[in-house]
Amino acid sequence: MYAPAGVKTNADYPIPDTMKAWVLGDPGQLSLTDKPVPVPKRAEVLVRIDAVAICATDLEIIYHGPPASILGGMPHNKNFTPGHEYMGTVVALGPGVDEYKIGQRITVEIHAGCGQCKRCREGMYTACHNYGLNYGDVDKGHRANGFTTDGGFCEYQVNHINTLVAIPDEMSDEEATLVVTAGTAMYGLTELGGWLRARASWSPAPARSGSSASPLPRRWEPIPSSSPAHATTGSRSGWSLAPTTSSMCARRMRSRRRAGSTAARAWTT
């Protein structure tokens, strides 16, 4: 049975020496085969994959290759396992890991930066300078599971502790596979200045001649954070608008109005 030196396991979570994994062959071809169960190193854990989602990017990789980069080139016919939206259970701990426990349910994000380049030191690990350049040498530190290293279309996978997100028991396996996707949207909101809670002054803008477009709000107004809030009154919906995003929202709303948009939207991305 699985018992690598320096790796902590638990008899309640037995691990085989080999696992089933989908491997990418020619473009558009996946085959189910046996692979060795990977071994976590320092600051890594072994995850038993309990659920995995299929992203449109996975299909791009399977059929066309990019944005995956394996051994410095296209991922086809390199014993590569795709898949990056997965969740599971921690079943083994690499040397020195005490941030997570065996048996803990987690979901994962894709990137573990090398931690050494300028971007990683600035916290921009998703833009790690070593992305795709370690050519399979995971000791460099960079991983992008399903892109530059093996992903989640298999039974077990190694993840850096920085890529793990603990999930509550109330969250289903299926929901947990989409946490990172939701996080992508949340990142966009954060970069725009936070949740957009805006109110529109609903003096209808005239639709263009011959257009079926619904009337759009003429202007968007920020509500002071001290406003009693955020309740809907009359035709005004009570949202607050982050100041850093107000001009962007206005530009986008004007742009959509010129384009004859069919509905008013609160811009959240």
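If you use the numbering used here, the sequence shown corresponds to residues 473 to 741, in order. For glycine and all other residues, C-beta sits at the position ideal for the given N, C-alpha and C.
When DSSP states are grouped into helix, strand and coil, L504 belongs to the strand group. Measuring C-alpha to C-alpha distances from P476 to each of A523, E557, T553, D489 identifies D489 as the nearest. Between the alpha carbons of T561 and I574 lies a gap of roughly 8 Å. DSSP lists V519 as the bridge partner or partners of Q629. According to the DSSP assignment, E594 belongs to no alpha helix (DSSP H), since it is labelled neither H nor E. In its chain, beyond the 5 residues on either side, C600, H601, N602 have a beta carbon closer than 7 Å to the beta carbon of C589. Pairwise C-beta distances place the segment 486-505 out of contact with the segment 590-599, as fewer than three of them are shorter than 8 Å. In the structure shown, K612 adopts helical secondary structure according to DSSP, grouped into three states.
In the DSSP assignment, H583 forms a beta bridge with A616.
With a contact defined as Cβ atoms closer than 8 Å, M559 and T529 miss out at about 17 Å. Of N634, Q576, K612, the smallest CA-CA separation from D641 is found for Q576.
For A540, there is no enclosing alpha helix (DSSP H), since its DSSP letter is neither H nor E.
Judged by DSSP secondary structure, V563 falls within the beta strand (DSSP E) whose first and last residues are 557-565.
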